[in-house]
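What follows is a single structure, written as structure tokens, with notes after it.
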Amino acid sequence: MAQECWPYFDPEYENLSTRINPPSVSVDNTSCSESTLIKVDSMNKPGILLEVVQILTDLDFIITKAYISSDGGWFMDVFHVTDQHGKKITDIKTIDYIEKALGPRGYRKNEVMAWPGKGVGVHSVGDHTAIELIGRDRQGLLSEISAVLADLHFNVTAAEVWTHNRRIACVLYVNDDTTSRAVDDPTRLSIMEEQLKNILRGCQDDNETAGRTSFSMGFTHVDRRLHQMLFADRDYEGGGVTTEFDYPAASFKPKITVERCEDKGYSVVNVHCKDRAKLLFDIVCTLTDMQYVVFHATISSNGPYALQEYYIRHMDGCILDTEGEKERVIKCLEAAIRRRVSEGLSLELCAKDRLGLLSEVTRVLRENGLSVTRAGVMTVGEQAMNVFYVRDASGNPVDMKTIEALRKEVGQTMLLNVKKSPAGLKEPEARGWAKTSFFFGNLLERFLA
């Protein structure tokens with residue numbers, strides 16, 4: 001008989017238990033020669049693994065190994081982490097933040113401290129309005145969306161855009177271009193919503209779910225929200241109609257199996273795929289939102305590949321009994337892994353922020369025949385830092401002549417860098433290309449100032 005995994009949690013009882021048994025966090029730089037060990041011991045509660053992984057991921061740590069155990073009333077994890085350059089974590093401010101976020105002070109009101117700038121909601125990135133969009137992807141769609149916002153005098157201060165299986169999910173943070181404040185005028189918001197819906201309707205097939213536009217008032221981690229939006233949109237389906245153009249890296253295909261552990265009463269999920277940053281977060285996030293509880297897990301990297309093993313049950317205590325359940329978990333995890341993978345060229349642009357900047361940049365990309373597969377937009381002070389993963393709209397490798405034309409068109413007002421070259425980038429032009437780039441991910445000093 002299935003046993004309930006998560007009985008009702010009385011907030012007062014949980015707060016008392018946390019005070020009696022506060023979380024213990026240690027940052028160890030002596031036990032391992034190659035990485036920093038972060039050890040977390042605390043009372044177990046729903047979603048705690050995702051909260052911990054989310055904080056480590058938002059700090060741009062690379063998790064090379066992890067040992068996870070949360071069977072019973074206690075949660076015990078050990079993470080082997082490095083920074084983006086493979087070095088140990090030695091910065092005092094970063095260590096202090098880890099201890100605060102994962103320790104007793106980070107668990108007030110049953111919430112782990114949120115890493116600033118990573119939430120979806122009206123209070124998460126300063127004074128802004130958050131917009132969520134999802135629909136069918138097509139070339140130039142992001143350009144059209146940003147043009148509408150510019151015409152209505154909304155300035156895009158930050159954005160995250162993912163595409164997968166011909167679907168697009170966007171979270172955009174906007175404010176008024178004159179006041180730099182969130183927009184709360186219902187008439188103005190209604191006009192914007194209707195115009196964005198018209199754009200999404202324009203690229204729908206008759207048999208497809210209509211695109212959706214909404215204003216977010218909650219507080220959810222932006223990457224998790226993008227996973228939730230695409231999952232709800234069932235982007236994991238339709239694998240039979242995908243082509244080599246949709247997934248050009250055929251060797252990347254993850255190997256995922258679901259087996260049964262008879263003696264312990266778990267379902268065992270094994271994932272073997274190409275390793276990358278934030279892989280652990282993407283998998284744990286998906287399992288959590290599918291209502292599965294991770295009781296034990298082992299994570300390791302073997303060269304360019306990752307091996308991950310999860311012992312799970314559904315929240316009602318049941319394991320995955322049917323082939324249909326197993327197949328759905330495999331499809332959803334494969335989609336979660338692929339969503340963040342970008343096969344195209346990475347372009348980084350840095351410029352002084354102004355109204356319509358995103359519209360201008362995406363228009364130039366579209367006019368040069370480039371399709372945006374993923375994008376990140378961040379405004380720091382007066383500087384806008386944009387990263388676009390692009391590929392040729394016809395599926396061919398991006399020619400350096402296109403990049404040179406793009407560089408000339410953006411002119412001297414923007415700094416354009418190529419962060420990585422796709423396998424098919426033509427030689428010998430690529431050899432002479434300056435591959436300098438600014439670091440986009442970790443804005444630790446800004447957030448801790």
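For the sequence shown, the positions run 1 to 449 when the UniProt record's numbering is used. Backbone N, C-alpha and C fix where the C-beta goes; we use that ideal spot for every residue, glycine too.
For the pair of segments examined, the stretch 346 to 356 was found not to touch the stretch 322 to 337: the number of CB pairs separated by less than 8 Å stays below three. Sequence-distant Cβ neighbours of L406 in its own chain, meaning closer than 6 Å and more than five residues away, are N368.
The alpha-carbon of I337 is positioned some 14 Å away from that of T257. By the criterion of at least three beta-carbon pairs nearer than 8 Å, the stretch 292 to 309 is not in contact with the stretch 358 to 374. The alpha helix (DSSP H) runs lying completely inside the stretch 279 to 312 and spanning 4 residues or more are 279 to 289, given in chain order. Excluding the 5 residues flanking it on each side, L172 has same chain C-beta neighbours closer than 6 Å at I131, V156, A159, in chain order.
Excluding its 5 nearest sequence neighbours in each direction, T82 has C-beta neighbours in its own chain below 6 Å: S35, I62, listed in chain order. In the DSSP annotation of this structure, the continuous segment of the alpha helix (DSSP H) that includes M229 starts and ends at 222 to 232.
The beta carbons of V27 and I95 sit closer together than 8 Å.
For the UniProt domain "ACT" (346 to 423), the full-length beta strand (DSSP E) segments reaching 3 residues or more read 370 to 380, 383 to 392, 414 to 420 along the chain. In terms of Cα proximity to Y311, the closest of P304, K331, I283 is I283. Assignment of beta strand (DSSP E) within the stretch 131 to 192, counting only whole runs of 3 or more residues, yields 154 to 164, 167 to 176 in chain order. Residue state for L37 is assigned as strand, using DSSP reduced to three classes.
Rounded to whole angstroms, the Cβ separation of A169 and L230 is 5 Å, and the two are in contact under 8 Å. In this structure, K39 is the residue among G265, R138, K39, I89 with its C-alpha nearest to the C-alpha of M76.
Here N270 carries a strand assignment [DSSP, helix/strand/coil]. For the set R391, L189, N386, the Cα lying nearest the Cα of V341 is the one of R391. For Q139 and I145, the gap between their C-alpha atoms comes out near 12 Å.
In the DSSP assignment, F215 is bridged to I131.
DSSP places R260 within a strand segment (E or B) once states are collapsed to three.
Per DSSP, reduced to three states, the secondary structure at K93 is helical.
Taking the C-beta atoms as reference points, L152 is found nearer than 8 Å to I191. K255 is bridged by DSSP to H272.
For K331, the uninterrupted alpha helix (DSSP H) run begins and ends at 323 to 339, by DSSP.
Per DSSP, T57 is one residue of the alpha helix (DSSP H) stretching across 48 to 58.
Per DSSP, D83 is not a residue of any beta strand (DSSP E), being assigned neither H nor E.
With a beta-carbon spacing of about 13 Å, L142 and V387 fall beyond the 8 Å limit used to define contacts.
Inter-residue distance for N29 and T64 is about 15 Å (C-alpha atoms, whole angstroms). Non-local beta-carbon contacts of I319 in its own chain, meaning distances under 6 Å to residues more than five positions away in sequence, involve S267, R313 in chain order. Remark: C-beta atoms of E348 and K419 approach each other more closely than 8 Å. Under the three-state reduction of DSSP, I319 is assigned to coil, being neither helix nor strand. Here A101 carries a helix assignment [DSSP, helix/strand/coil]. Of the candidates P397, N175, P304, E99, N175 places its Cα closest to the Cα of T129.
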